[in-house]
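Worksheet for the structure shown next.
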Amino acid sequence: MCNVAWGEEYLPPLLKVLKDKNVKITFFVEGQWAQKNGDLVREIVAYGHEVENHGFRHVYPTRLGRRQLIEDITRTAEILRGLTGKPTVYYHPPYRDFNDFVISTAYETGHITVINNIDTIDWQKPAPEIILQRVKRKLRNGGIILIHPTAPTVLALPSLINQIRQEGYEIESIGKLLTNMSS
Numbered sequence: 150m151c152n153v154a155w156g157e158e159y160l161p162p163l164l165k166v167l168k169d170k171n172v173k174i175t176f177f178v179e180g181q182w183a184q185k186n187g188d189l190v191r192e193i194v195a196y197g198h199e200v201e202n203h204g205f206r207h208v209y210p211t212r213l214g215r216r217q218l219i220e221d222i223t224r225t226a227e228i229l230r231g232l233t234g235k236p237t238v239y240y241h242p243p244y245r246d247f248n249d250f251v252i253s254t255a256y257e258t259g260h261i262t263v264i265n266n267i268d269t270i271d272w273q274k275p276a277p278e279i280i281l282q283r284v285k286r287k288l289r290n291g292g293i294i295l296i297h298p299t300a301p302t303v304l305a306l307p308s309l310i311n312q313i314r315q316e317g318y319e320i321e322s323i324g325k326l327l328t329n330m331s332s
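Going by the numbering used here, the letters in the sequence shown line up with residues 150 to 332, in that order.
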């Protein structure tokens, strides 16, 4: 999964790598960012990727009141539906900041909260080799890897995809992963 709240300059090369490697993933897009970058949201969809909800602003959801969190999620859902023609189903809270309140409030809005269990910490822009090491250490079946659109991520992505496949794993969207796990 890829969180998108910034880094628009790295999205086209990231999308190209995913296309070249025949990989489809889920992009969790911030509503505020989507308002300013509608063409890029539509491009993500045109490449066959899922677009899901990352809230309207990059704030800690556990610090919001119930009405504020509902507004944050539903506003983004409306923006993304307007851009993609599809409702959002999944919600990834900014900063992985979640608790029972966040999960139940997101559920009230019709969203299932998704939390990654492998963090590349690529927003700190480490060397591509560090990104590869972080994933390799925690890679397992059903793992959900978090990336962001950064220069090091774009450089690491071809090797990362190869590494995951060499370990015998498939790379798929959140929707496909959860469907496969429940069947």
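Cβ atoms here follow ideal geometry from the backbone N, Cα and C, with glycine treated the same way. Every value quoted in this text rests on a predicted model; they were computed, and no experiment measured them.
- Per DSSP, the unbroken beta strand (DSSP E) holding Val153 starts and ends at 151 to 153.
- The three-state reading of DSSP puts Tyr256 in helix, counting H, G and I together.
- Exposed is the label assigned to Tyr256, since fewer than 16 other Cβ atoms lie within 10 Å of its Cβ.
- In the three-state reduction of the DSSP assignment, Phe205 falls in the coil class.
- Contact between Asn266 and Ile293 holds, since their C-beta atoms are separated by about 6 Å, short of 8 Å.
- The C-beta distance from Pro210 to Pro236 rounds to 20 Å, too long to fall under 8 Å, and the pair is not in contact.
- Listed in chain order, the non-local C-beta contacts of Thr254 below 7 Å within the same chain comprise Arg215, Leu218, Ile219, local neighbours out to five positions each way being set aside.
- Within the model, the alpha-carbon separation for Gln315 versus Leu213 is close to 42 Å.
- Taking His260 as the centre and dropping the five residues before and after it, the same chain places the C-beta of Asn202, Ile222, Ala226, Thr237, Val238, Tyr239, Tyr240 closer than 8 Å to its C-beta, in chain order.
- DSSP places Tyr239 within a strand segment (E or B) once states are collapsed to three.
- DSSP lists no bridge partner for Leu160.
- Asp249 and Thr262 have their C-alpha atoms roughly 10 Å apart.
- Listed in chain order, the beta strand (DSSP E) elements of length 3 or more contained wholly in the segment 167 to 217 are 175 to 178, 199 to 202.
- The closest CA to that of Arg289, considering only Pro162, Ala276, Val303, Gln312, is found on Gln312.
- Residue range 300 to 315 is occupied by the alpha helix (DSSP H) that includes Val303.
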